[in-house]
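One structure is given below, encoded as structure tokens.
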Amino acid sequence: MSMDDLSTRGEALKLPPRRAPAGALSTVITLAWRAMLKIKHVPFQLFDVTVTPIMFTLLFTYMFGGALAGSPEVYIQFLLPGILVQTIIFITVYTGVGVNSDIQKGLFDRFRSLPMWQPSPVLGALAGDLFRYSVASLLIIGLGLILGFRPAAGALGVLLAFGLVLVFAFAVSWIWIIFGMLVKTPESVMTTSFLFLMPLTFASNIFVEPKTMPGWLQVFVQVNPVSHLTNASRGLMHGTDVAGDIVWTLAASAVIVGISAPIAMRMYRKER
Amino acid sequence: MSNAIETERLRKTFGEKPALDELNLSIRSGSVYGLLGPNGAGKTTAIRVLSTLLEPSGGKATVLGLDVVRDAKAVRQKISLTGQYASVDEDLTGQENLVLISRLLGMSWGEARNRATELLSAFGLSEATGKQVRTFSGGMRRRIDIAASLVTRPELLFLDEPTTGLDPRSRNQVWDLVRQIAADGTTVLLTTQYLEEADRLAERMAVIDNGRVIAEGTSHELKSSLGGNALRFQLADPTRREEARALVSRIVGDAVLPNTDPTAISVKVSGASVAAEVLSALSAARIELTDFALGSPSLDDVFFTLTGRPPVAPAAEKELAS
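As they're listed, the protein sequences go chains V and C.
Just so you know, we're using the working numbering here: the first sequence kicks off at 1061 and counts up by one.
Just so you know, we're using the working numbering here: the second sequence kicks off at 10 and counts up by one.
Spelled out as structure tokens, the structure:
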């Protein structure tokens, strides 16, 4: 198009007056809509979220099932609630990756210069992540059912476990949001976070009961919040009493959010 | 209120390094104002402080009569910022980006969609409505970015290096836009490394270097602050530049202006007779000239004289030429 083109069309450039600022809920919904659009335009974002959990579930069920529990069908009753926990916790990293790339691309500068409730972009991103968590959870539980997973507490138990995992994932996301604001590239968010996530998820009771582990490792596994979440999720799905683990998980989530959310929001408002 | 922006001894330090060092600005409402300076002079920091993205380390800044720290939210209600990099979501389409910003500024979904369509057409981007921004050319990105700042009328628009890296045609388009926005009554503060840009768009400008204002005024005032006229000439043989320079210095003293071009020399002259004297001395020494001109000093001359540095880094110059 030519220059003249623009200047003639430019006469149509009307500027309506500024509106009253949008409400907090409305801006969060709008930014969640944006997160969904990103998934629509870059479906590859869902690749990790779908392929990894399917691969993990199949791999661990059939590789370890016979050796650890006598058969894959028996093992999957034990493993599936834990695989759900591990997968969702891994995906929380994408929250930090998204925040980081929004900062690097200057998008957060624009958001921050708008007259809206300042936490909206972060909460909108988290709302988009909930969608990702749900997709991954549905896949894992669906695949589990096909492979012979039979939760004794039925649909309600599974739903409650999923809810608890979401609460914890939401809490952990805040840590990656801080990371996302600290490091220079989205790739660094990935690598740094996996340094923490590998020990947290593997040194837990997700794959095996800790009783055969050396004493020092058992101590770590006992205090690892991931173990409590896994216990709680197992109990909820199979209908055993895990009130203690549920309370433990909720308390850990509250502590994580209580500490990291204010830090993250402070960093978000302050300089970069 | 007559001033859109007022800063008083505004400071911003990053660690030890001062990015803004007692910056004093006074910018009238309803004008286009240029912040001019080399890379790292503090232009972007100034814009980020004034648009409430950064808190100043000291001093005071008011935007449209509101304090940028205390009344940050009220400031944001009146301004728009177009940062140095296209701050739109590359994964989204042009339409979606504008709907997003319209919604965040308080429009309903229906209004937002209509406004997005209107803006795309006004900015000549209708064909790109459904295309992801990552597929846009540099000029198109710049336009969608500015469009995102004009969803509703800001009282003050910040444009941080709006034409850096653009080809000449896209630059002209952006210039046209800035003029239209200003004609509509919005105050525009733009930063640029290109003196020509400030010369063409801004009624007044401040030259900043190391976080301070080192000169302020209209482009005419800045040029005449050097006093006299400038005689510029081009040498046929660049190896004789030092010789020519020494010769000219004997006639005009320290009025030889710094110049980046190795084949050219600029001299401040008080009148035509001095110019004639310089030219005849060169001719007597058999130093051949390929070109010469007598005129008012360019903003480049002003800039170089004030900062002792060329206004545009060589890399940026190359980018501009391509």
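We put the beta carbon where it would ideally sit given N, CA and C, even for glycine.
No experiment lies behind these values; they were computed from the predicted model shown.
Distances from the CA of residue 37 of chain C to each of C:274, C:198 and C:52 were compared; the closest alpha carbon is that of C:198. In this structure the stretch 213 to 220 of chain C does not touch the stretch 259 to 279 of chain C; the number of beta carbon pairs closer than 8 Å is below three.
Going by beta carbons, residue 1117 of chain V and residue 1204 of chain V fall inside the 9 Å limit. Judged by DSSP in its simplified three-state form, residue 14 of chain C adopts strand. With respect to chain C, the C-beta atom of residue 1325 of chain V has no partner C-beta closer than 9 Å. Legend: CB atoms of the stretch 186 to 217 of chain C lying less than 7 Å from CB atoms of chain V belong to residues 186, 189 and 193. In this structure, the CA atom of residue 94 of chain C is about 14 Å from the CA atom of residue 52 of chain C.
Contact of residue 1315 of chain V with chain C is not assigned, every C-beta pair being separated by 9 Å or more. Sorting V:1175, V:1167, V:1145 and V:1159 by C-alpha distance to the C-alpha of residue 1081 of chain V places V:1175 at the top. One alpha carbon belongs to residue 1114 of chain V, the other to residue 1125 of chain V, and they sit about 16 Å apart.
Rounded to whole angstroms, the Cβ separation of residue 130 of chain C and residue 160 of chain C is 14 Å, and the two are not in contact under 8 Å. Of all residues in the stretch 102 to 113 of chain C, those with a C-beta nearer than 7 Å to a C-beta of chain V are 105, 109, 112 and 113, reading in chain order.
Closer than 9 Å at the C-beta level to chain V, one finds no residue of the stretch 215 to 247 of chain C. With its beta carbon at least 9 Å from every one in chain C, residue 1276 of chain V lies outside the interface. About 36 Å separates the Cβ atoms of residue 1303 of chain V and residue 1180 of chain V, ruling out a contact at the 8 Å cut-off.
Around the Cβ of residue 229 of chain C, a 10 Å sphere holds fewer than 16 other Cβ atoms; the residue is exposed. Residue 303 of chain C is positioned such that its CB atom lies no closer than 9 Å to that of residue 208 of chain C.
Under DSSP, residue 36 of chain C forms a beta bridge with C:14. Inter-segment contact for the stretch 1157 to 1170 of chain V and the stretch 87 to 103 of chain C is present: three or more beta-carbon pairs are separated by less than 8 Å. Collapsing the DSSP output to three states places residue 1122 of chain V in a helix. Between the stretch 13 to 23 of chain C and the stretch 69 to 85 of chain C there are three or more C-beta pairs closer than 8 Å, enough to call the two in contact.
Within the stretch 1098 to 1112 of chain V, contact with chain C at the beta-carbon level (separation under 8 Å) is assigned to 1098, 1101 and 1102. Boundaries of the alpha helix (DSSP H) harbouring residue 103 of chain C: 103 to 113, taken from the DSSP string. Residues of the stretch 288 to 311 of chain C that bring their beta carbon within less than 7 Å of a beta carbon in chain V are absent altogether. Neighbours of residue 162 of chain C across chain V, judged by C-beta separation under 8 Å: 1075, 1076, 1077 and 1078. Residue pairing by DSSP places residue 23 of chain C opposite C:26 in a beta bridge.
A contact is defined here as three or more CB-CB pairs under 8 Å, and the stretch 1146 to 1163 of chain V meets this definition with respect to the stretch 1189 to 1202 of chain V.
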